[in-house]
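Q: Per numbering that gives the first Met the number 0, residue 0 is the first one in the sequence shown, and the count goes up by one each step. For each residue, glycine too, the CB sits at the ideal point set by N, CA and C. For clarity, every value in this text was computed on a predicted model and none was experimentally measured. Sharing a structure here in structure tokens format.
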Amino acid sequence: MQPQKSVIAGLVVALAAATSLTVGASASATPTPERSSAKAATPGVPAPNRAKVARPGVRADPTLKTLRQLGDRAGLRIGAAINLDALADDATYRYLAATEFSSVTPENAMKWDAIEPRQGEYNYAPAEELIRFAKANRQIVRGHTLVWHSQVPTWVTEGNFTSAELREILRRHIRTEMSQFRGNITEWDVVNEAFNEDGTLRDSLWLQKLGPGYIEDAFRYAHSIDPKAKLFYNDYNIEGVNPKSNAVYNLLRRLRAEGVPVQGVGLQSHFDIQYNYPPDILANMQRFAALGVNVSVTEADVRMDLPVDPTKLQAQAGAYDALLSSCLLVKRCKNFTFWGISDQYSWIPGVFEGQGAALLWDDDYQTKPAYDSIRRLLAVAGSNRPKIS
Ligand code: G3I
Numbered sequence: 000m001q002p003q004k005s006v007i008a009g010l011v012v013a014l015a016a017a018t019s020l021t022v023g024a025s026a027s028a029t030p031t032p033e034r035s036s037a038k039a040a041t042p043g044v045p046a047p048n049r050a051k052v053a054r055p056g057v058r059a060d061p062t063l064k065t066l067r068q069l070g071d072r073a074g075l076r077i078g079a080a081i082n083l084d085a086l087a088d089d090a091t092y093r094y095l096a097a098t099e100f101s102s103v104t105p106e107n108a109m110k111w112d113a114i115e116p117r118q119g120e121y122n123y124a125p126a127e128e129l130i131r132f133a134k135a136n137r138q139i140v141r142g143h144t145l146v147w148h149s150q151v152p153t154w155v156t157e158g159n160f161t162s163a164e165l166r167e168i169l170r171r172h173i174r175t176e177m178s179q180f181r182g183n184i185t186e187w188d189v190v191n192e193a194f195n196e197d198g199t200l201r202d203s204l205w206l207q208k209l210g211p212g213y214i215e216d217a218f219r220y221a222h223s224i225d226p227k228a229k230l231f232y233n234d235y236n237i238e239g240v241n242p243k244s245n246a247v248y249n250l251l252r253r254l255r256a257e258g259v260p261v262q263g264v265g266l267q268s269h270f271d272i273q274y275n276y277p278p279d280i281l282a283n284m285q286r287f288a289a290l291g292v293n294v295s296v297t298e299a300d301v302r303m304d305l306p307v308d309p310t311k312l313q314a315q316a317g318a319y320d321a322l323l324s325s326c327l328l329v330k331r332c333k334n335f336t337f338w339g340i341s342d343q344y345s346w347i348p349g350v351f352e353g354q355g356a357a358l359l360w361d362d363d364y365q366t367k368p369a370y371d372s373i374r375r376l377l378a379v380a381g382s383n384r385p386k387i388s
């Protein structure tokens with residue numbers, strides 16, 4: 000294990016020294032059209048909703064760089080989960096999605112219940128729209144997700160299939176979906192959330208009917224369909240060292256030793272300021288990287304009890320910083336994805352009553368302190384990290 004606190008402290012000291020020189024002064028405004036208008040003419044991106052993002056009284060600084068630009072210099076893709084309805088209906092959302100991010104993940108559009116809600120009835124259009132958007136804006140797409148216990152359509156869960164039938168249904172699902180999007184997906188979350196907190200396997204339909212081997216079967220099968228895609232195991236509460244992340248680590252170590260094609264681990268990173276973030280994120284990322292797999296932050300958000308206040312927002316910035324600074328110190332951490340853009344579309348209030356404000360932009364597209372500190376950290380990392388290949 001590395002002495003991660005001192006390493007992070009070093010980065011933060013460097014950050015403090017370099018911040019004003021590297022990034023420029025106030026970064027508090029939402030990236031305004033004034034600031035970014037020269038670069039806003041990306042093909043496929045409509046003019047932003049100026050009225051909505053303009054912030055009277057804040058002078059836009061034309062030298063400010065976007066998260067995406069800073070991430071490119073640091074060799075780190077900056078991603079966002081994309082809500083396809085918002086992308087279609089909200090010009091500000093679309094503008095930020097295009098300009099601030101170099102990686103996009105469909106929040107729901109590639110899940111099984113969205114892709115094949117009824118047996119043999121496929122709905123690829125929303126996901127195809129995101130792929131078009133990504134191409135127009137020179138972004139990569141993370142595929143999410145093929146094998147999960149949730150958002151599986153009822154024709155699968157209630158079909159009373161035999162084990163042999165279910166195995167074939169799962170294979171067909173992987174084959175049809177991956178074939179449809181082949182060549183357009185850089186990283187696939189093949190297996191999602193297969194473990195319990197104590198490190199035992201989740202008692203899902205897949206475990207019950209197919210046994211624990213369903214995980215390696217899914218990776219082998221996925222690789223045979225799209226050998227160029229990087230295949231990930233993705234889960235939450237595996238950001239630090241704990242029984243669950245130990246179990247994922249042991250699984251990936253075994254699969255790698257057996258030649259099973261798994262090339263990445265996704266640390267979802269759904270944090271809450273009322274719980275301390277794990278103290279050993281860096282050590283955890285490093286041990287995964289030492290297995291030879293990429294480490295991606297796949298679903299970052301940091302929620303809080305509402306209403307928001309300045310102290311909570313600082314705590315949020317601190318949690319994001321801990322995650323990002325660890326990622327920046329690990330070469331194999333090449334994608335840092337937020338689970339959304341604006342709080343107004345976040346999943347949090349619908350699931351955690353009384354909580355929210357988890358993302359970098361609030362309901363009115365004002366940035367939070369976390370946005371500024373993330374930009375500063377990325378700027379400090381600069382070009383010391385390897386460039387995106
Ligand atoms: O598809 C129906 C649609 O037909 C209907 O009109 C609409 C009415 O509310 O509901 C739609 O389904 C919703 C779906 O999002 C698409 O909007 C579901 O009710 C809702 O539960 C679902 O929530 C998603 C959740 O996964 C499902 O488990 C969230 O948006 C999404 O952010 C969340 O993402 C997960 C990751 O995939 C895995 N890791 C955890 C993360 C947060 O839970």
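(1) Does the Cβ of glutamate 164 have 16 or more other Cβ atoms within 10 Å, making it buried, or fewer, making it exposed?
(2) Are the stretch 211-218 and the stretch 267-281 in contact at 8 Å, needing three or more beta carbon pairs?
(3) Considering only their Cβ atoms, is the gap separating glutamine 118 from tryptophan 154 smaller than 7 Å?
(4) According to DSSP, is glutamine 68 helix, strand or coil?
(5) Would you check whether the ligand G3I has a heavy atom nearer than 6 Å to the C-beta of tryptophan 346?
(6) To the nearest angstrom, how far is it from the Cα of serine 35 to the Cα of glutamine 68?
(7) Output the distance between the C-alpha atoms of methionine 303 and valine 259, rounded to the nearest integer angstrom.
(8) Just how far apart, CA to CA, sit asparagine 383 and histidine 269?
(9) Per DSSP, what kind of secondary structure is arginine 181 in: helix, strand or coil?
(10) Short check: CB of leucine 412 to CB of valine 189, under 7 Å?
(11) Rounded to a whole number of angstroms, what is the C-alpha to C-alpha distance between arginine 171 and arginine 131?
(12) Evaluate contact between the stretch 289-308 and the stretch 326-336, counting only Cβ atoms and requiring at least three cross-stretch pairs below 8 Å.
(13) Tell me which residue opens and which closes the beta strand (DSSP E) that leucine 266 is part of.
(14) Determine the burial state of threonine 161: buried for a count of at least 16 other Cβ atoms within 10 Å of its Cβ, exposed for fewer.
(15) Whole beta strand (DSSP E) runs in the stretch 262-333 with 3 or more residues, listed along the chain?
(16) Tell me whether proline 385 is buried or exposed, calling it buried when 16 or more other Cβ atoms sit within 10 Å of its Cβ.
(17) Return the first residue and the last residue of the alpha helix (DSSP H) that isoleucine 130 is part of.
(18) Between the alpha carbons of asparagine 159 and glutamate 115, how many angstroms are there, rounded?
(19) Using the Cα positions of proline 242 and tyrosine 248, report the straight-line distance between them to the nearest angstrom.
(20) Output the residues surrounding the ligand G3I, defined as those with a CB atom closer than 7 Å to any ligand heavy atom, in chain order.
(21) Which of helix, strand or coil does DSSP assign to glycine 381?
(22) Give the DSSP-derived three-state secondary structure of arginine 374 in the structure shown.
A: Once the coordinates are examined:
(1) exposed
(2) no
(3) In this structure, tryptophan 154 lies near glutamine 118, with their beta-carbon atoms less than 7 Å apart.
(4) helix
(5) In this structure, the ligand G3I has a non-hydrogen atom nearer than 6 Å to the beta-carbon of tryptophan 346.
(6) With a pLDDT of 34 at serine 35, under the threshold of 50, the predicted position of this residue should be treated as unreliable, though the coordinate-derived value follows. About 12 Å.
(7) Note on geometry: alpha-carbon atoms of methionine 303 and valine 259 lie some 39 Å from one another.
(8) 28 Å
(9) coil
(10) The requested residue 412 is not part of the displayed model; the chain covers only 0 to 388.
(11) The alpha-carbon atoms of arginine 171 and arginine 131 are separated by roughly 25 Å.
(12) yes
(13) Run containing leucine 266: 263-266, per the beta strand (DSSP E) assignment.
(14) exposed
(15) 263-266, 269-271 and 293-304
(16) exposed
(17) 124-135
(18) 18 Å
(19) Separation of proline 242 and tyrosine 248 (C-alpha to C-alpha, rounded to the nearest whole angstrom) is 10 Å.
(20) This selection yields Ala80, Glu106, Asn107, Lys110, Asp112, Ala113, His143, Thr144, Ser149, Gln150, Asn191, Glu192, Tyr235, Gln267, His269, Glu298, Trp338, Trp346 and Val350.
(21) Glycine 381: helix per DSSP, three-state reduction.
(22) helix
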